[in-house]
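**Q** Before anything else, here's the structure in question.
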Amino acid sequence: MLELPLVKGDPFHHVMEAILDLSDVAHVVCTTRGLNLLAVDTKHLAIVSLLFPAEDFKGYTCDEYISIGIPIRDLVNAIRCGDDKDTITLKVGEENFGTITLSFVSPEKNTVDYEFRLVDAKLERFRLPDRHFLRSKYQGSVKMPSVEFRRICKCLSNFGDEYGVISVTDEDLTYFAKGTDGDVYVEYKQQEEDTTIFKIDVREPVRLAFNPKYLNTFAKVFTLSGQVKLFLSKTHPLMVECKIGQKGRIRCFVAPKVEP
Amino acid sequence: SGVQLSIKEFYRPD
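Protein sequences appear in the order of chains A and B. Residue numbers are given in the numbering used here: position 31 of the first sequence equals residue 31, and the series is strictly consecutive. Residue numbers are given in the numbering used here: position 8 of the second sequence equals residue 1008, and the series is strictly consecutive.
This is the structure:
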């Protein structure tokens, strides 16, 4: 049995809204320890993963291992229909195996229940790298304010939706996007006096090409946290992470492009 | 503008 309390605008809802146009199904694994959501876009260019430990989820109840595929559009449409003041609970029970129920209870105790079919999402689950892998295989990381990161992603995506590059050295971080009529180039210098807001940590310079559209899609999710951390590798997907609550986190992986 | 790689080339199904 699973009971997942949700609030309009919480990280779970935010991630679902963000990936609405990229993916049809979110694969969710729940255990007594917490929730792990994973969604892959239909073109297999990006993955988003949300980890939410039970202690960060007030009212979370799960007494067994549950692995389900949630139809993203149905869930988002239902949440959008609810009122901001409603208490929302996602339920998966033994008696209604194969379906999930989304219950909305207003402050006056009026209720609306949505019931929809679960989706088979076994093929959409990938074994993602752990922190040890990121430390050993990635040549650099950059910590920066999430609002700033979103602004850049929006700018890159508006300018050129197909081709962007992130480069990092121990002195600066640069973003580049190629548009049809021109290019955009953004540079951040590492400030020696303050590394709490912006910090570059590289073993060797890294240059990574990617599609800015995907990064822009996820960037709004990262504003749930004050800061984001980018992990860059010459041979692996770009990974962006932000922390949610005490021990929760959101990660997105964007597959690179091989430069001509 | 480069050849787009798939995420499947990096991560195996769980």
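We put the beta carbon where it would ideally sit given N, CA and C, even for glycine.
Can you pull out the residues from the stretch 229-251 of chain A whose beta carbon lies closer than 8 Å to at least one beta carbon of chain B?
**A** HIS236 and PRO237
**Q** Taking only three categories from DSSP, how would you classify PRO11 of chain A?
**A** helix
**Q** Anything in chain B within Cβ reach of ASN211 of chain A, meaning under 7 Å, just list it in chain order.
**A** GLN1004
**Q** Cβ-heavy atom distance between PHE231 of chain A and the ligand GDP below 7 Å?
**A** Absent from the structure shown: the ligand GDP. Ligands present: none.
**Q** Which chain B residues sit within Cβ distance under 7 Å of HIS44 of chain A?
**A** SER1006, ILE1007 and LYS1008
**Q** Determine, for LYS58 of chain A, whether the minimum Cβ-Cβ distance to residues of chain B falls below 8 Å.
**A** no
**Q** Thinking C-alpha only, which one of A:SER167, A:ARG127, A:VAL142 and A:ASN77 is nearest LYS8 of chain A?
**A** A:ASN77
**Q** Could you list the residues in the stretch 140-170 of chain A with a C-beta less than 7 Å from some C-beta on chain B, going in chain order?
**A** GLU162 and TYR163
**Q** Nearest-angstrom Cα distance between PHE262 of chain A and GLU187 of chain A?
**A** There is no way to answer for residue 262 of chain A, as the model of chain A reaches only from 1 to 260.
**Q** Flag this pair as yes or no: are the beta carbons of LEU224 of chain A and HIS14 of chain A separated by less than 8 Å?
**A** yes
**Q** Around the Cβ of ASP1014 of chain B, are there at least 16 other Cβ atoms within 10 angstroms (buried) or fewer (exposed)?
**A** Counting Cβ neighbours within 10 Å, ASP1014 of chain B comes out exposed, since fewer than 16 surround it.
**Q** For the 8 Å Cβ check, are there 3 or more pairs between the stretch 197-215 of chain A and the stretch 167-182 of chain A?
**A** yes
**Q** If we cut at 8 Å on Cβ distances, does LEU258 of chain A have a partner in chain B?
**A** The amino acid occupying residue 258 of chain A in the given sequence is Val; Leu does not appear at that position. So yes, VAL258 of chain A belongs to the interface.
**Q** Can you give me the start and stop residues for the alpha helix (DSSP H) that LYS220 of chain A sits inside?
**A** 212-222
**Q** Helix, strand or coil: how does DSSP classify ALA177 of chain A here?
**A** Collapsing the DSSP output to three states places ALA177 of chain A in a strand.
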